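Enquirer: For reference, each letter of the sequence shown is one residue, going 1 to 1042 in our numbering. Let me begin by handing over the structure; questions about it come next.
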Amino acid sequence: MMDWLIVWGAVEAAGILVKPVLEDLAKDSTKDYAKDFFKDCLKKVIRLPEKDVQKEAYGKALKEFLELVQQELENAGYQEAQVKQYIQPFKQFVDNGQVSALLGQAFESECRMIDTRMLAQTWRGLDLPYLPDDFDWDLVSKPYVRKVKAIIQNSDVLRPIFAAEAQSVTAESLQELVGIAPAFDLRCYAEGLREQYGNLKLESLDTTGVYYNELKLWKVFVPQNVRECQEFLPQVYEIPKEHLRRLRERGELSEAELAEAELEKHRRVYVEQPIRSVLEVVGDPTIPVGANGRSPVPHVVVLGDPGSGKSSLLQYLALIWAERPLSELPLYPIPLLIELRTYARDKREKKCSDILSFIHSGNIVGRLNQQHLHEKLKAGHAIALFDGVDEVFDPALRDEVVMDIHRFTNEYPEVQAIATSRSVGYKVHQLRSAGFRHFMLQDLEPEQIEDFIQRWHNLTFPAGLDKTRKQERLHKAIQESNAIRELAGNPLLLTMMAILNRNQELPRNRPELYNQASRVLLHQWDVERNLIEHRLDPLTINYQDKQAMLRQVAYHMQSSEKGLAGNIISATDLENILMDYLRTIDIEQPRTIARLMIEHLRTRNFILCDLGADSYGFVHRTFLEYFCATEFVNQFEKQQSLTFEQLQEYVFGSHWHDERWHEVLQLIISMLGTNNAGKIINYIIDRNINCGDFCPWTDDFIGLFLATKCLSGVRNRRSIDEVENRLLKLMKDLAEHFAPNSPMDCQTELANLIVKVRGQAVKAVATTWRCHHETLAWLKSLAQFGFSGDDGTAQAAAIHELAREWNSDPETYKLIQLLASETWVDEFGDVVGKVQVAAIQELARNWKNDSETLKIIQKFASSKEYGYLQAMALKELVKGWKDDPNTLSLLKNLIQLNEINYMWLAVQEMAREWKDNSETLSFLRSCTALTLSPTKDALMQELLRSWQKSNDVYNFLYECASDNSFTRPLGFGSKRFPRFTALKAIVEEYSTHSKTLELLRDRATNDPDEQVREFAKQQLSELEALKVDSSKQQRVDERSSL
């Protein structure tokens, strides 16, 4: 009997793993281990080797594999005892038929590496012990293939069979022609990604960088939302309707363009598109392999404004992969992050011919072997990230780059591809025709802004009071200022706010915020990206010059017929303003440079946008307001072309009653000296209260609230304490005594005014005079007792302000808990629900961790006595205590009560928040037996919104569409009719399902509702026509392939 251990070389000198594993294989002479091992590679040889030759080759190859595995374990720092723990797991691993076949592929002549992703997945799938983080399957795979080639070449029997030597010589000769081939080293590639993109690059936002040198992008990144814009043409959709009319009149928007865009239809379709997380579209890289998740869209273009996070998104996707343990890297697609401006440059300079050769040449973060990468791409084990279509400026070269992306996706259809571009100037049809779907990044939502602020401060501040204070200050600034809130939706500008907030108070220093924001957009952003136009010499025309020109543009806009409301300037006026300024700084060819600057400000700096019809406007209204305010201050203080009386009468006297001017007026006050600011504030007060007495109580006192906001921007308020004290008294009088009646005693319009004025007054006192020694006591008294004639409006406002500004005060918690626990009645015995609603909301948001809070919320969520309290308590319960098992049970009980007031909300909350619970879908499906059609319709809408496509969802919709017992509720149109909803969803989401045509035929004939029958007939006709066209095309394709 042959001693196979000796033949295989598995003697004592062999590794720790080798002998124990191979001993069992040598003893079991009845099992043909080599059968799986050689099942693929022997199909291609002319004659089969003898069984013993196969077994010899199999054992020698397995020995080499196990020794390489042991080497990797030892390189990871494992000692002998630790390595021995893997003996049994690797016996099980190599005995697996799939693993055996993979290892056998190394005997194929064209094989250069084996599928490490499949090895890693199989190891995990077999539930074998965790491999060390530094374990690299690639460092096992490639040497193993070389060892197998050596086994073949050293065997007189195997060499002629596999003809490996000749193949190897040919391959080596080809490699010599192109130089030394790069390795395919995932360790080095991941390290390169971390080095290149790991840290946030904040040099252009913060000159010190002292606090942010090690700030990791992937830790602070907040995924945004997107809205699909497949038919969206940004250059047309940006145009307001009145400008669109002017375009038509001037013949600048052709009928062909209008026909192609179907403007109004597609505008409506875009707005109606559901807003989704961008990670639902491109795939969430944090989801472990094998876990259930939505399938990503295979080919995507992500559009967005400058600074909206397009590049950060792609870098985040790459970094999540790079931060994984080395042993897990083969399990996930390799992210190929390609900066298209670099690719375009290399292509223009003939350094590469296509995307694959570009990657091979090493102009991404590391070189990857072209042949090995080709194999990965063919298998779909990569994700291509194309960053910055818009950053290829040459139109012809940009078309070539887009065509290369198209060819790449045709060559590697299994590879997911994501491209990014600014929306301005982007041509949708180029990649749309290649099967790419387009999605527009949306501004950050309030919750996403809050998430970013939380992450930022956790990562850049040590724990303590300073961190809490700065975080609350930034949150408050965004919450209370519409202008700041508008800018905070842009991730770049939000990051800048977080940096400035460290050493400045943003609400008071808004001018500095806007100055820095415009500076970033006008200069640093494009310096960082090396995009400065050679004809716009930054040493000659710097960002200060651009700011000065924009001040004049904004001033011209406010003096036009429509004033600040219009945000519009003609191309001729814009060009003349810029040209006149350029002449003052001795720029040659000012008209040419002015036109170039307009294009630069619009497409690169993202300050101006083209409105069409030879008109321009500011992209962010905030910048119109800021530049307008700074121009007034410049004329008053520096040029002295505007006197104080003119500033007070012409600027403030003419515009204090116009809310569209309020931000401009506040900015002016915050930039003036304290004495002048005090005089103007007093002037506004006098104009609003008729020299000291209240105007008729139907006034909304817009001027007093403006004066309060202006006072907040004054740096040294002590020097104008008379004005301050006067204004404080007026605010308290408005909160306590405005209007003789309760809102409940008035008509709707007047009641709304009472509620608005009282609430604004309370908030003004709490925010503007937070540090005043009387404010806290006044708010507590108001929250607890209110005043005569109040319907709870002032009390509720006081509760909200106490919770927002004084939530660390123990007495505040006790008071709000008391107000939430008891039903409050007014002096006439009527229930004052606003008080309880406000108190319950604030308890849930500020004192979630207190055990009494949960009891109070659960009590109201279960009670049907006051429906408005129950609805509000349910929302707060789900938001704050989703993981409490009683929350889900409560929702199920409410749904099963079959009462529409409770079911609707409960269904929505359960479908949205528990969609990953395996029991949720079956429970909600069972609710279709209930008799309330509107609730069934709501249920279907939530299923469609929350669940990805599946047979379970289809079967549920099919049952609903077929159920004739559903009757149309009185007053409900077809869009709220469950059978119609189900049928429409099937057509839109499952049109190719095998049962869909059959269902439509049945509904078109048998549905008892006429509207449903007509809808089914129409959809049936369209789908059958589409099927005929598809069959014809298939026959054409078959003939052309012959």
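All C-beta atoms, glycine included, are put in the ideal place defined by N, C-alpha and C. In this text, all values refer to a predicted model and were calculated from it rather than measured experimentally.
Any chance the region 422-431 sits against the region 471-488, with 3 or more Cβ pairs inside 8 Å?
Expert: Touching, no.
Enquirer: Please identify the residue among V757, E1022, E328 and E852 whose C-alpha is closest to the C-alpha of L704.
Expert: Here residue 704 is taken as the residue at index 704 of the sequence shown, counted from 1. Checking every option, the nearest Cα to that of L704 belongs to V757.
Enquirer: In whole angstroms, what separates the C-alpha of G678 from that of E722?
Expert: As a working note, residue 678 is residue 678 in the sequence shown. As a working note, residue 722 is residue 722 in the sequence shown. Near 9 Å, if we compare the C-alpha coordinates of E722 and G678.
Enquirer: Going by other Cβ atoms of all chains shown within 10 Å of its Cβ, with 16 needed for buried, is L1026 buried or exposed?
Expert: For the purposes of this step, residue 1026 is identified with residue 1026 of the sequence shown, where counting begins at 1. Label assigned to L1026: exposed.
Enquirer: Using 8 Å as the threshold, is the region 548-555 in touch with the region 618-627, meaning 3 or more CB pairs across them?
Expert: Yes: at least three Cβ pairs fall under 8 Å.
Enquirer: Between which two residues does the alpha helix (DSSP H) containing P1044 stretch?
Expert: No statement about residue 1044 is possible, as the shown extent of the chain runs from 1 to 1042 and does not include it.
Enquirer: May I ask you to list the residues that DSSP assigns as paired with G617?
Expert: Against the sequence shown, residue 617 aligns to sequence position 617. Bridge partners of G617: C609.
Enquirer: Look at the alpha carbon of D850 and the alpha carbon of E811, and state the distance between them as a whole number of angstroms.
Expert: As a first step, residue 850 is located in the sequence shown; it is residue number 850 there, counting from the start. As a first step, residue 811 is located in the sequence shown; it is residue number 811 there, counting from the start. Roughly 14 Å separates the two Cα atoms.
Enquirer: Provide the residue span of the beta strand (DSSP E) that contains H299, from first to last.
Expert: Position 299 of the sequence shown, counted from the start, is the residue given in the question as residue 299. First-last of the beta strand (DSSP E) with H299: H299 to G304.
Enquirer: Check this for me: beta carbons of F439 and V222, under 8 Å apart or not?
Expert: As a working note, residue 439 is residue 439 in the sequence shown. As a working note, residue 222 is residue 222 in the sequence shown. No. Outside cutoff.
Enquirer: Going by Cα to Cα distance, which pick from V987, S965, L877 and L1020 is closest to P1008?
Expert: Position 1008 of the sequence shown, counted from the start, is the residue given in the question as residue 1008. Ranking the options by Cα distance to P1008, first place goes to S965.
Enquirer: Taking the alpha helix (DSSP H) that S277 falls in, what are its first and last residues?
Expert: Within the sequence shown, residue 277 is the residue found at index 277, counting from 1. First-last for S277: I275 to S277, but that is the beta strand (DSSP E), not the alpha helix (DSSP H).
Enquirer: Since P491 and S719 are thought to touch, with beta carbons under 8 Å apart, how far apart are those beta carbons, to the nearest angstrom?
Expert: Within the sequence shown, residue 491 is the residue found at index 491, counting from 1. Within the sequence shown, residue 719 is the residue found at index 719, counting from 1. Not quite, the Cβ-Cβ distance comes to about 39 Å (not below 8 Å), so this is no contact.
Enquirer: From L119 to V21, what does the alpha carbon distance come to, in whole angstroms?
Expert: Position 119 of the sequence shown, counting from 1, holds the residue named residue 119. Position 21 of the sequence shown, counting from 1, holds the residue named residue 21. Cα-Cα distance, rounded: 18 Å.
Enquirer: In this structure, does DSSP put T420 in helix, strand or coil?
Expert: Along the sequence shown, read from residue 1 onward, the residue named residue 420 stands at position 420. The answer is strand: DSSP assigns T420 an E or B state.
Enquirer: Using DSSP with H/G/I as helix, E/B as strand and the rest coil, what is N509?
Expert: Position 509 of the sequence shown, counted from the first residue, corresponds to residue 509. DSSP places N509 in coil when its eight states are reduced to three.
Enquirer: Touching or not, the region 370-388 and the region 328-339, by the rule of three or more beta carbon pairs under 8 Å?
Expert: Yes, since at least three Cβ pairs between the region 370-388 and the region 328-339 fall closer than 8 Å, the two stretches touch.
Enquirer: Measuring straight from C-alpha to C-alpha, what distance separates N458 and L506?
Expert: Position 458 of the sequence shown holds residue 458. Position 506 of the sequence shown holds residue 506. So the alpha carbons of these two residues sit roughly 20 Å apart.
Enquirer: For P132, which residues from the same chain have a beta carbon less than 6 Å from its beta carbon, with the 5 sequence-adjacent residues on both sides left out?
Expert: Locating residue 132 in the sequence shown gives position 132, counting from the first residue. A76, listed in sequence order.
Enquirer: Exposed or buried, which one is D586 when buried takes at least 16 other CB atoms within 10 Å?
Expert: Sequence index remark: in the sequence shown, residue 586 carries index 586 (1-based). Per the 10 Å Cβ criterion, exposed.
Enquirer: On the criterion of 16 or more Cβ atoms from any shown chain inside 10 Å, does N1006 qualify as buried, or is it exposed?
Expert: Within the sequence shown, residue 1006 is the residue found at index 1006, counting from 1. N1006 comes out exposed.
Enquirer: Is L874 a contact residue of the ligand ZN, with contact defined as CB to any heavy atom under 7 Å?
Expert: By its list of ligands, the structure shown contains no ligand whatsoever, and the ligand ZN lies outside what it can speak to.
Enquirer: Measuring only the C-alpha atoms, how far is R485 from Q479?
Expert: Walking along the sequence shown from the start, residue 485 turns up at place 485. Walking along the sequence shown from the start, residue 479 turns up at place 479. C-alpha separation (whole angstroms): 7 Å.
Enquirer: Under three-state DSSP, which class holds F227?
Expert: One-based indexing of the sequence shown puts residue 227 at position 227. Note that residue 227 corresponds to Arg in the displayed sequence, not to Phe. In this structure, R227 counts as strand in the three-state DSSP scheme.
Enquirer: Could you check whether the region 348-360 touches the region 132-144, counting it as contact only if at least three pairs of C-beta atoms, one from each stretch, sit closer than 8 Å?
Expert: No, the region 348-360 does not touch the region 132-144.
Enquirer: With which residues is K216 paired in a DSSP beta bridge?
Expert: Sequence index remark: in the sequence shown, residue 216 carries index 216 (1-based). Paired residue(s): N199.
Enquirer: Could you say if the region 102-113 and the region 307-325 meet the contact criterion of at least three C-beta pairs nearer than 8 Å?
Expert: No: the two stretches stay apart, fewer than three of their Cβ pairs being nearer than 8 Å.
Enquirer: Could you tell me how far apart the beta carbons of Q870 and K864 are, in whole angstroms, since I believe they sit closer than 8 Å?
Expert: On the sequence shown, residue 870 is found 870 positions in, with the first residue counted as 1. On the sequence shown, residue 864 is found 864 positions in, with the first residue counted as 1. Going by Cβ atoms, the distance from Q870 to K864 rounds to 6 Å, so yes, they are a contact pair.
Enquirer: If contact is defined by three or more beta carbon pairs under 8 Å, each pair taking one atom from either stretch, is the region 769-782 in contact with the region 833-845?
Expert: No: fewer than three Cβ pairs fall under 8 Å.
Enquirer: So, are the CB atoms of L217 and L68 less than 8 Å apart?
Expert: For the purposes of this step, residue 217 is identified with residue 217 of the sequence shown, where counting begins at 1. For the purposes of this step, residue 68 is identified with residue 68 of the sequence shown, where counting begins at 1. No; because the gap between Cβ atoms is not below 8 Å, this pair is not in contact.
Enquirer: Compute the distance between the beta-carbons of Q635 and L642, then report whether it is under 8 Å.
Expert: As a position in the sequence shown, residue 635 is number 635, starting the count at 1. As a position in the sequence shown, residue 642 is number 642, starting the count at 1. The answer is yes: Cβ separation under 8 Å.
Enquirer: In terms of alpha-carbon separation, which member of D95, S109 and A477 lies closest to T122?
Expert: The residue you call residue 122 lines up with position 122 of the sequence shown. Here the closest residue by C-alpha is D95.
Enquirer: Using a 10 Å radius around the Cβ and a threshold of 16 neighbouring Cβ atoms, would you call Q804 buried or exposed?
Expert: Residue numbering aside, residue 804 sits at position 804 when the sequence shown is read from its first letter. The sequence given here has Arg at residue 804, not Gln. Buried.
Enquirer: Please go through the same chain and pick out, in chain order, the residues whose beta-carbon is closer than 6 Å to the beta-carbon of K882, but skip the five residues on each side of it.
Expert: Position 882 of the sequence shown, counted from the first residue, corresponds to residue 882. Here the set comprises E913.
Enquirer: Could you compute how far the alpha carbon of A798 sits from the alpha carbon of L819?
Expert: Within the sequence shown, the letter at position 798 stands for residue 798. Within the sequence shown, the letter at position 819 stands for residue 819. Between A798 and L819, the C-alpha separation is close to 12 Å.
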